[in-house]
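1 is the number of the first residue of the sequence shown in our numbering; add one for each residue after it.
Ideal Cβ positions, reconstructed from N, Cα and C, are used throughout, including at glycine.
Remarks on the structure that follows.
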Amino acid sequence: MASQTLSWNELREALASLKEAALATRYCKAPCRQLANRSDKLVSLLDGYAANPSITRQPETLKAWASILEMARTSRELAVQAGALKAVIDIKKKKRLRGELEESLSQMDGLVIDQVGMLLKVANSANRAVNGGVTPVAPTSIEEHIRGLVFRLQAGRLEERLESAEALANVTASNPDAQRVVLLEGGLRPLVHLLEAWGDPSVSLLQEHAINALGNIAAGSAQGGHAVAGFEGALGALLRTLQVGSARAQRAAAEVLAGLVQRDEDARGAVGEEVQQLELVAFLKALYPDSFVLQESRANLVGSHAKELDDWRQKVEDVRREKDAQLSDVQSQKQGEVEALLGQLAAHRQALDEEREKSQGQLDRARAEAERSREQIDAQLRAQLQQAESERGARERELSELAWNALKDVKAQKTIAQQRDITLLAIVLRWGTCEAQIRAAEAISDLAVNESNRRTLAAYGGIPPLVDLLRAGPPQVQEMAAAALLSLSFDDGNRKEIAAHGAVPLLVGLLTSESAEVKETGAAVLWSLAEDEDNRKLIRRQPQALSLLRELREAGSDGAKETAGKALKRLE
């Protein structure tokens, strides 16, 4: 038990010790038991005062007790508030109170009951923080703390903004110093700005905290109420909340507006001007939802300026009647203009329909005439084409026959006298009939038996027309062209030239022919070309060349098997 002669300095030191322990516990710098021990010491000191009636009535004692009650009521540090509440609860248990202490505690009954749960929550949170080893840093002053909250409210992430808005709502509750700091730090702007984004579910809780903070500032002092009422967009945002906000936000906004119009004449006028811009029915509907708290706030709000509401209602009705009359006149005028335009449009449509029918008839006639002309032109072109084909065939046959007759002596002599002879052979190979092409290729094959003829035929362009016949000629022509190339390939220079003119892929393609003779002749030419090293590499690079030769060696005719086998020996 504390001494009966304790001084005010002892009590002040006990209070400071309790606050220090509470802050240390809040920021995880000391265990909760330290707060409990220092709170017990303070309770013991106060118990000593309470036991002595003369001491309890001393100004120092009453001042100390007022400090405890103020801590319990308004401290934003939950750990400090918890310590103060514990002191209140313990003193009440002593039942040895006098005078002002008894009266003060009787006023604290509701607060103590409501805050017991908070006390337990703070203790549990502090224990978890200590066990987790977290060590946040305490703000050095309320100004820095609020400045940080305002900054995070504007620039922080959603979670930080939510925590900052809630903290501002808590710190401004019954705390004039905090309210003043919020005003000085420009906190009204971000709070009002949050109310302008209704419809976004992610910020609805943020907006509810913002309304609570604005209400705390407005109710805390005349200066705060005047600042909120006069801030640009604040009243409009609160009235807008009555229409589109959540139920809790509507309740809070109605309470803030009711308090403003009761305490501030300028606010009443400003609210009136804002309401005039709204549809009166919508305003009243938003103002009177089925909520007991809202009904009480509405009663204060509407009762404070019922006459103004009647004037607004009358003004709205007058404006509506005036606008209805103007709208009726405009509608009549526009209706006449629309009817005139419709008449003009109908006349234009009729003229366009007539013009379209006329144009359609002309177009149909022109189309029919063009169709007849096209048919006549097609018939003429077909006749001319048939005549040209017939004449070309006759000229080709005539030219082929002339060339062949000129080459009879060459074939008979087995010699080539000049370049003219090879030119005639090339003409027959390119333009002659199938029979003439076969005879020309056969002639080259016979002439190429002579080594001198082989070189002469290659030198004067005898190889390219033979390669061309491999591309798309009939099987008989392909077979004879391949035979001629085989005869020419027995010269080293001719082997390279035949490959250079693209004969290798075409010869590989002959291996897929349905004609056994064509396959055998194609394999023979590949065998001869493979004598050259470069040609062997080229043949190996052809897709399926070796596989087709192997297939021919296994399933071809006797001659084809032998030829394919010899070719594979050179290639594998």
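Here's a check: name, in chain order, each residue in its chain whose Cβ is nearer than 7 Å to the Cβ of residue i, leaving out the five neighbours to either side.
i	result
A560	A516, K519, E520, A523, L552
T471	Per the sequence shown, the amino acid found at residue 471 is Arg instead of Thr. Cβ within range, chain order: L506.
S557	A516, E520
E442	M480
A567	A523, L526, W527, A530, L549
H501	I463, P464, V467
Q154	P190
E554	none
T563	E520, A523, A524, W527
What number of angstroms, rounded off, separates the C-alpha of residue i from the C-alpha of residue j?
i	j	result
S513	A483	15 Å
L341	S328	20 Å
A253	E322	33 Å
E469	V477	Reading the sequence as shown, one finds Leu at residue 469 and not Glu. Cα to Cα, L469 sits roughly 7 Å from V477.
S241	E144	The question names Ser, but residue 241 in the sequence shown is Thr. So the alpha carbons of these two residues sit roughly 31 Å apart.
K496	A545	18 Å
I463	E375	46 Å
A388	A379	14 Å
R224	A167	Arg is not the amino acid found at residue 224; the sequence shown has Gly there. In a straight line, the C-alpha of G224 is about 18 Å away from that of A167.
N212	A218	10 Å
Q331	A169	52 Å
A237	Q250	11 Å
L485	K569	21 Å
L352	Q360	12 Å
F490	A394	37 Å
R382	E371	16 Å
R152	V261	31 Å
D324	G336	18 Å
S338	D318	Looking at the sequence provided, one finds Val at residue 338 rather than Ser. Straight-line Cα distance between these residues: approximately 30 Å.
L239	A347	54 Å
G117	E196	Low per-residue confidence applies at G117: pLDDT is 40, beneath 50, and the placement is therefore not dependable enough to give any value.
A368	Q362	10 Å
R392	Q542	38 Å
C434	R365	50 Å
E232	Q333	41 Å
D534	G432	34 Å
Q326	L345	28 Å
D532	Q384	51 Å
Q350	D311	57 Å
Using a Cβ-Cβ cut-off of 6 Å (strictly less than) and excluding sequence neighbours within five positions of residue i, which residues of its own chain qualify?
i	result
L429	Q437, A440, P465
A234	V192, V228
R248	E208
D446	none
A246	At residue 246 the sequence reads Ser, which differs from the Ala that was named. Excluding sequence neighbours, S246 sits near S204.
G220	P176, Q179
G230	none
Under the assumption that residue i contacts residue j (Cβ atoms under 8 Å), give the Cβ distance between them as a whole number of angstroms.
i	j	result
V256	L214	6 Å
L457	I444	6 Å
A210	L194	4 Å
S573	L149	An answer regarding residue 573 cannot be provided, because it is not within the stretch 1 to 572 covered by the chain.
S208	I146	Reading the sequence as shown, one finds Glu at residue 208 and not Ser. About 20 Å; that fails the 8 Å criterion.
L510	R540	That pair is no contact at about 17 Å.
V467	A426	With 8 Å as the limit, V467 and A426 do not qualify as a contact, their Cβ atoms being about 12 Å apart.
I422	G473	Actually they are not in contact, since the Cβ atoms of I422 and G473 sit about 20 Å apart, beyond 8 Å.
S390	A448	About 35 Å; that fails the 8 Å criterion.
A222	R263	7 Å
N494	R454	6 Å
Can you find the residues in the same chain that come closer than 8 Å, C-beta to C-beta, to residue i, ignoring five residues on each side of it along the sequence?
i	result
I142	V171, D177, A178, V181
L162	L205, L206, H209
L538	A499, V504
K358	none
Q386	none
E354	none
Checking contacts by CB at 7 Å: is residue i closer than that to chain D?
i	result
L242	Absence of chain D from the displayed structure is noted, only one protein chain being present.
Unbroken stretches of the alpha helix (DSSP H), 4 residues or longer, contained in the region 436–497: Fully enclosed alpha helix (DSSP H) runs of 4 or longer: 451–459, 463–472, 475–488.
Residue ranges of each alpha helix (DSSP H) within the region 503–532, 4 or longer: 503–510, 516–529, all fully within the region 503–532.
Start-end ranges of the beta strand (DSSP E) lying completely within the region 201–245, minimum 3 residues: Counting whole runs of 3 or more residues, the region 201–245 contains no beta strand (DSSP E) stretch at all.
Alpha helix (DSSP H) segments (min. 4 residues) lying fully within the region 164–199: Counting only runs of 4 or more, we get 176–184, 188–194.
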